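Peer 1:
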Amino acid sequence: MSELYTWQNETWLRWAGLRSRLPHAILLKGPQGIGKFDFAMNLAQSLLCEKPLSDGLACQNCPSCHWFQQESHPDFRLLQPDALAEAEDGEERDAGKKKPSRQISVDQVRALADFVNLSAHRGGHRVVLIHPAEAMNTNAANALLKTLEEPSERMLIILVSHKPQQLLPTILSRCLTLVMPMPTLEASAAWLNQKGINNPAALLAQAGFAPLQAARLAEEAAGADEYNRFLQEIRNPAKFDVFALAEQLQKTEPTKVIHWLQQWCYDLSSAKLTGKVRYNSELIDLIKIISNRIPALELSRYQKELLFARREALHPLNPKLQFESILLSYRQMMLAGS
Ligand SMILES: [Zn+2]
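Just add 176 to wherever you are in the sequence shown, counting from 1, and you've got the numbering used here.
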């Protein structure tokens, strides 16, 4: 369920007032990182909800809300670049696979045609959400224009944009625009505090005062800390305590830990073969020394094991056991040459 932020309350009221004379298309514009997408999701869900609350918010309980929460509502379409969809799923790509697109393609927009022309499955509204709208390439934008020129009954197209100046003027002119508010510093700080982020002032400044962006920065910094602590442990195989580390890691996603190990081993192997590293460039000297000690066969055997572990890690029965197993094996590899 998407959060409706305190700084969006007034805009929500404006939207609630529009519901009785619904436009065909609505543009939510404003800087990145202030919660426009979450607002749009609330808006879409509330329109599809079968028993919206008195303030217009979705009830979260009706069949329609359940489908929406499960991302399977038949009367809702979300168009976003593949790169964004993948990032949200938290999926890791296998090396060698094509990079996901940062654009919304004309095929994605054309695929809407059937959706636009059929009537609603649930007899209510249909909603299309395009995010971010400026990710549409020229062909996609022109295809969307056709849809906007022939609006369907009871259908709303929501465009979310941080860069509306990049949208076609002909598209803009067909949208009702809602300017999404920038939260005050106090509101942003209060929201970040609630998420357990203390002293958010510096972080907010770094994020251009966009609170969601600040939260992302905080998360990245915490992730980097965790990674560095992990590396600190495993770089000295004679000293590190497999079982203590497995215990410590219990709350960390197994796929994440395996990914760390994969990057680390990639660097070990790359340093051995080419003298270069890709992920931990600041540790290159250390990595060269360590990698010289490890027999190449052991390293490649362990890398294969990690690949296998990653598949297993999607449904781990016991993460701690899995950590113990991959870390024991890691230590075996590191000590193989000595
Ligand atoms: Zn509902």
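In this text, a Cβ means the ideal position worked out from N, Cα and C, and glycines have one as well. Keep in mind that this is a model prediction, so the values were computed, not measured.
#1: Taking only beta-carbon atoms, is leucine 320 less than 8 Å away from chain D?
#2: Assign leucine 343 to one of two classes, buried (16 or more other C-beta atoms within 10 Å of its C-beta) or exposed (fewer than that).
#3: Leucine 482 to tryptophan 243, Cα distance in whole Å?
#4: Taking all protein chains shown into account, do 16 or more other C-beta atoms lie within 10 angstroms of the C-beta of asparagine 218, making it buried, or fewer, making it exposed?
#5: Taking its Cβ as the centre, do 16 or more other Cβ atoms sit within 10 Å of phenylalanine 484, making it buried, or is it exposed?
#6: Methionine 312: which of Ala192, Leu223 and Arg278 sits nearest, CA to CA?
#7: So alanine 212 is in the alpha helix (DSSP H); what residue range does that whole segment cover?
#8: Could you check if glutamate 226 belongs to the surroundings of ligand 1, using beta carbon to heavy atom distance under 7 Å?
#9: Does the region 361 to 378 come within contact of the region 227 to 245, defined as at least 3 CB pairs closer than 8 Å?
#10: For the beta strand (DSSP E) that contains lysine 432, what are its first and last residues?
#11: Classify asparagine 456 as buried or exposed, calling it buried when 16 or more other Cβ atoms lie within 10 Å of its own Cβ.
#12: Alpha carbon to alpha carbon, what distance is there between glutamate 488 and proline 471?
#13: Check whether the Cβ atoms of leucine 421 and leucine 444 lie closer than 8 Å to each other.
#14: From the DSSP output, which residues share a beta bridge with methionine 312?
#15: Thinking just about the alpha-carbon of each residue, which of Arg197, Phe416, Ile460 and Ser337 is nearest to the one in leucine 504?
#16: Would you say alanine 234 touches ligand 1, meaning its beta carbon is less than 7 Å from a heavy atom?
#17: When DSSP labels each residue in this structure, what does leucine 504 get in the three-state scheme?
#18: Taking just the CA atoms, how far does glutamine 498 sit from tyrosine 206?
#19: Might you give, ordered along the chain, the residues of its own chain that have their beta carbon closer than 7 Å to the beta carbon of arginine 453, omitting 5 neighbours on each side?
#20: Kindly indicate which three-state DSSP category leucine 305 falls into: helix, strand or coil?
#21: Shorter than 7 Å, the distance from the beta carbon of asparagine 293 to the closest heavy atom of ligand 1, or not?
#22: Please state whether DSSP places leucine 294 in a helix, a strand or coil.
#23: Hey, leucine 180 and phenylalanine 215 are a contact pair by Cβ (cut 8 Å); roughly how many whole angstroms apart?
#24: So, leucine 354 versus tryptophan 191, is the Cβ gap smaller than 8 Å?
#25: Near glycine 266, which residues of its chain fall below 7 Å by C-beta distance, leaving aside the five closest residues on each side in sequence?
#26: Alpha carbon to alpha carbon, how far is cysteine 351 from glutamate 362? Give it in angstroms, no decimals.
#27: Please report the straight-line C-alpha distance between glutamate 395 and isoleucine 434, rounded to a whole angstrom.
#28: Please list the terminal residues of the continuous alpha helix (DSSP H) segment that includes lysine 274.
Peer 2: Based on what the coordinates show:
#1: Going by chain labels, chain D is absent from the structure shown, which holds only one protein chain.
#2: As a first step, residue 343 is located in the sequence shown; it is residue number 167 there, counting from the start. Leucine 343 comes out buried.
#3: Along the sequence shown, one-based indexing puts residue 482 at 306. Along the sequence shown, one-based indexing puts residue 243 at 67. Rounded to whole angstroms, leucine 482 to tryptophan 243 spans 36 Å at the Cα level.
#4: The residue you call residue 218 lines up with position 42 of the sequence shown. Looking at its Cβ environment, which holds 16 or more other Cβ atoms inside 10 Å, asparagine 218 is buried.
#5: Numbered from 1 along the sequence shown, position 308 holds the residue referred to as residue 484. Phenylalanine 484 comes out exposed.
#6: The residue given as residue 312 occupies position 136 in the sequence shown. Of the listed residues, the one whose Cα sits closest to methionine 312 is Arg278.
#7: If you number the sequence shown from 1, residue 212 lands on position 36. Strictly speaking, residue 212 in this sequence is lysine, with alanine absent from that position. From DSSP, the alpha helix (DSSP H) with lysine 212 extends over 212 to 224.
#8: Taking the first residue of the sequence shown as position 1, residue 226 is located at position 50. True, at least one ligand heavy atom lies under 7 Å from that Cβ.
#9: no
#10: Residue numbering aside, residue 432 sits at position 256 when the sequence shown is read from its first letter. Note, lysine 432: premise wrong, no beta strand (DSSP E); alpha helix (DSSP H) at 430 to 450.
#11: As a position in the sequence shown, residue 456 is number 280, starting the count at 1. So asparagine 456 ends up on the buried side.
#12: Position 295 of the sequence shown, counted from the first residue, corresponds to residue 471. Position 312 of the sequence shown, counted from the first residue, corresponds to residue 488. In a straight line, the C-alpha of proline 471 is about 26 Å away from that of glutamate 488.
#13: As a first step, residue 421 is located in the sequence shown; it is residue number 245 there, counting from the start. As a first step, residue 444 is located in the sequence shown; it is residue number 268 there, counting from the start. In this structure, leucine 444 does not lie closer than 8 Å to leucine 421 by Cβ.
#14: The residue given as residue 312 occupies position 136 in the sequence shown. According to DSSP, methionine 312 bridges with Ile280.
#15: The sequence position of residue 504 within the sequence shown is 328, counting from 1. Residue Phe416 is the option with its Cα nearest to leucine 504.
#16: Here residue 234 refers to the residue found at position 58 when the sequence shown is read from its first residue. Indeed, a heavy atom of ligand 1 lies less than 7 Å from the Cβ.
#17: Taking the first residue of the sequence shown as 1, we reach residue 504 at position 328. Assignment of leucine 504 by DSSP, reduced to helix, strand and coil, places it in the helix class.
#18: As a working note, residue 206 is residue 30 in the sequence shown. As a working note, residue 498 is residue 322 in the sequence shown. A quick correction: the sequence has glycine, not tyrosine, at residue 206. Answer to the nearest angstrom: the Cα atoms are 45 Å apart.
#19: Position 277 of the sequence shown, counting from 1, holds the residue named residue 453. Here the sequence assigns valine to residue 453, which means arginine is not the residue at that position. Asp443, Ser446, Ala447, Ile460 and Ile463, listed in sequence order.
#20: Stepping through the sequence shown from its first residue, residue 305 is reached at position 129. Strand.
#21: As a position in the sequence shown, residue 293 is number 117, starting the count at 1. Asparagine 293 Cβ: outside cutoff for every heavy atom of ligand 1.
#22: Within the sequence shown, residue 294 is the residue found at index 118, counting from 1. Here leucine 294 sits in coil by DSSP.
#23: As a first step, residue 180 is located in the sequence shown; it is residue number 4 there, counting from the start. As a first step, residue 215 is located in the sequence shown; it is residue number 39 there, counting from the start. Indeed they touch by this definition, with Cβ atoms about 7 Å apart.
#24: Position 178 of the sequence shown, counted from the start, is the residue given in the question as residue 354. Position 15 of the sequence shown, counted from the start, is the residue given in the question as residue 191. The answer is yes: Cβ separation under 8 Å.
#25: As a position in the sequence shown, residue 266 is number 90, starting the count at 1. Reliability fails at glycine 266, whose pLDDT of 49 lies under 50, so the model's placement of it is uncertain and no value is given.
#26: Within the sequence shown, numbered from 1, the residue matching residue 362 stands at position 186. Within the sequence shown, numbered from 1, the residue matching residue 351 stands at position 175. Cα to Cα, glutamate 362 sits roughly 32 Å from cysteine 351.
#27: Position 219 of the sequence shown, counted from the start, is the residue given in the question as residue 395. Position 258 of the sequence shown, counted from the start, is the residue given in the question as residue 434. Their Cα atoms are separated by approximately 19 Å.
#28: Counted from its first residue, the sequence shown places residue 274 at position 98. Per DSSP, lysine 274 belongs to no alpha helix (DSSP H) and is neither H nor E.
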